[in-house]
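Here is the structure we will look at.
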Amino acid sequence: MEIKDRQGNIILSDKGQDNMLERLYRTVGGSIALKGLTAPLVSKAAGRFCDSILSAKLIPSFIEKAGIDLTEYESGYYRSFNDFFTRKIKKDARPVNMNPNVLISPCDSKLTVYKIGENSRFMIKGTEYGVSSFLRCAKLAEKYKDGWFMIFRLGVSDYHRYIYIDDGCKSKNIHIQGIYHTVNPIALEKADIYKENTREFTVLHTKNFGNVIHAEVGAMLVGRIKNHHEKYKFLRGEEKGMFEYGGSTVVLIFPPDTVIPDSDILKNTNDGFETVVKIGERIGIKKG
Numbered sequence: 015m016e017i018k019d020r021q022g023n024i025i026l027s028d029k030g031q032d033n034m035l036e037r038l039y040r041t042v043g044g045s046i047a048l049k050g051l052t053a054p055l056v057s058k059a060a061g062r063f064c065d066s067i068l069s070a071k072l073i074p075s076f077i078e079k080a081g082i083d084l085t086e087y088e089s090g091y092y093r094s095f096n097d098f099f100t101r102k103i104k105k106d107a108r109p110v111n112m113n114p115n116v117l118i119s120p121c122d123s124k125l126t127v128y129k130i131g132e133n134s135r136f137m138i139k140g141t142e143y144g145v146s147s148f149l150r151c152a153k154l155a156e157k158y159k160d161g162w163f164m165i166f167r168l169g170v171s172d173y174h175r176y177i178y179i180d181d182g183c184k185s186k187n188i189h190i191q192g193i194y195h196t197v198n199p200i201a202l203e204k205a206d207i208y209k210e211n212t213r214e215f216t217v218l219h220t221k222n223f224g225n226v227i228h229a230e231v232g233a234m235l236v237g238r239i240k241n242h243h244e245k246y247k248f249l250r251g252e253e254k255g256m257f258e259y260g261g262s263t264v265v266l267i268f269p270p271d272t273v274i275p276d277s278d279i280l281k282n283t284n285d286g287f288e289t290v291v292k293i294g295e296r297i298g299i300k301k302g
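Numbering-wise (my numbering), the sequence shown opens with residue 15 and increments by one.
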């Protein structure tokens, strides 16, 4: 799946990474390797290394290869790769739209949006997925039929902290243990990421958009989910949590008749493109 910015320009993806993932997900040898790479024990081992002082040596080359602009981030000393990976951005670098009628992005990411149809199902590139299998709760999923399933895919070069999209209060976090496929769209051809990957979700009882499900999906080689709160009263723009190393995904699921996604994002999704969005920026409006 290709990528566009909000001005409609096509963004070049990392072809080197795409080629590697194609070998993993489209060859026999790659399929054998995947069994090891997606295993929780492998991710835990990678996580321990990324927490170590030794991993700090990886930071300079990662910055150069990913093209990260450090002037956007708070300055500081990074004792490990994960310390760097979860660095904080300067507040003025990501202003949050505080209009209560505007739906904002919870994170820096590549966004696609899908209408939820009958039996709480939605389509991605001709393949059907179920909200009930994602949540492992058919009763809860049924409440979101005719709503929206929004996928915010974070690449390794993105800012890996995420925020609350509105004022409200939340329920406890539900953790679903699984494995760690990459969240790159290439993997969707061979794996049901939204059924198999480790993930965590909660219901946000929001002031303006109803009961929104906010979920985090871990990914290959760590993608550890670190939410700050259990039951909690939150404010729009307040930090909800972060991912440690690994490309990861935030999913927002909206009940029917609550939001209208922006037209450029809808068109891009329908045309097979992801849309680059930044944390706190408008991605839609309140319906009604």
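Just so you know, even glycine gets a beta-carbon here, dropped at the ideal spot from N, CA and C.
Next item on the list: Please report how far the alpha carbon of Ile17 lies from the alpha carbon of Arg150, in whole angstroms.
Entry: Pairing Ile17 with Arg150, the inter-Cα distance amounts to about 30 Å.
Margin query: Do Leu168 and Ile97 have their beta-carbon atoms positioned less than 9 Å apart in this structure?
Written below: Note that residue 97 corresponds to Asp in the displayed sequence, not to Ile. Cβ atoms of Asp97 and Leu168: not closer than 9 Å.
Checklist line | Rounded C-alpha distance that separates Asn225 from Val291 | finding: Near 23 Å, if we compare the C-alpha coordinates of Val291 and Asn225.
Next item on the list: For Arg135, name the three-state secondary structure that DSSP assigns.
Entry: strand
Next item on the list: May I have the straight-line CA-CA distance separating Gly43 from Ile177, to the nearest angstrom?
Entry: A caution first: Gly43 carries a pLDDT of 47, below 50, which makes its placement in the model unreliable, though a value can still be read off. Rounded to the nearest whole angstrom, the C-alpha separation of Gly43 and Ile177 is 39 Å.
Item checked: Leu125 burial status per 10 Å Cβ neighbour count (16 or more: buried) -> buried
Next item on the list: For the beta strand (DSSP E) holding Glu142, just list the boundary residues, first then last.
Entry: 141-144
Next item on the list: May I ask which residues mark the beginning and end of the alpha helix (DSSP H) holding Glu288?
Entry: Taken as a continuous stretch (DSSP letters only), Glu288 belongs to no alpha helix (DSSP H), being part of the beta strand (DSSP E) at 287-291.
Item checked: Cut-off 8 Å between Cβ atoms - residues of its own chain near Phe248, not counting five sequence neighbours on either side -> Tyr178, Asp181, Gly182, Cys183, Lys184, Leu218, Lys254
Note to self: I need the boundaries of the beta strand (DSSP E) containing Ile267, first residue and last residue.
What the structure shows: 262-268
Checklist line | Own chain residues within Cβ distance below 6 Å of Ala107, not counting five before or after | finding: Glu86
Next item on the list: Output the residue ranges of the beta strand (DSSP E) runs that lie fully inside the region 155-229 and measure 3 residues or longer, sorted by chain position.
Entry: 162-168, 175-177, 182-184, 188-190, 213-220
Item checked: Chain-order list of residues whose beta-carbon lies under 6 Å from that of Phe148 (same chain, five-residue window excluded) -> Tyr208
Note to self: Rounded to the nearest angstrom, what separates Ile293 and Lys153 at their Cα positions?
What the structure shows: 31 Å
Check: Do you know offhand how far Tyr91's Cα is from Glu78's?
Finding: 18 Å
Checklist line | Ile24 classed as buried or exposed, judged by whether at least 16 other C-beta atoms fall within 10 angstroms | finding: The Cβ neighbour count for Ile24, taken over all protein chains shown within 10 Å, is under 16; the residue is labelled exposed.
Note to self: Measuring straight from C-alpha to C-alpha, what distance separates Ile227 and Glu214?
What the structure shows: 10 Å
Next item on the list: Take the Cβ of Leu266 as the centre, count every other Cβ of all protein chains shown within 10 Å, and call the residue buried at 16 or more, exposed below.
Entry: buried
Check: According to DSSP, which residues form a beta bridge with Val231?
Finding: Arg213, Thr263
Next item on the list: Please list, in chain order, all residues of the same chain as Pro114 whose beta carbon is under 6 Å from its beta carbon, the five residues on each side excluded.
Entry: Excluding residues within five positions, the ones whose Cβ falls inside 6 Å are Asn222.
Checklist line | Burial state of Glu142, where buried means 16 or more other Cβ atoms lie within 10 Å | finding: Using a 10 angstroms sphere on the CB of Glu142, the tally of other CB atoms stays under 16, which defines it as exposed.
Note to self: Short of 7 Å in beta carbon distance, which residues of its chain neighbour Ser94, apart from the five on each side in sequence? Order them along the chain.
What the structure shows: Within the same chain, Cβ atoms closer than 7 Å to the Cβ of Ser94 are found at Cys64, Asp65, Ser66, Ile67, Ser69, Ala70, the five residues on either side in sequence being excluded.
Notebook entry, point to check: Asn115 bridges to which residues according to DSSP?
Noted result: According to DSSP, which records beta bridges pairwise, Asn115 is partnered with nothing at all.
Check: Going by the CB atoms, is the gap between Asn187 and Thr216 shorter than 9 Å?
Finding: Contact: yes.
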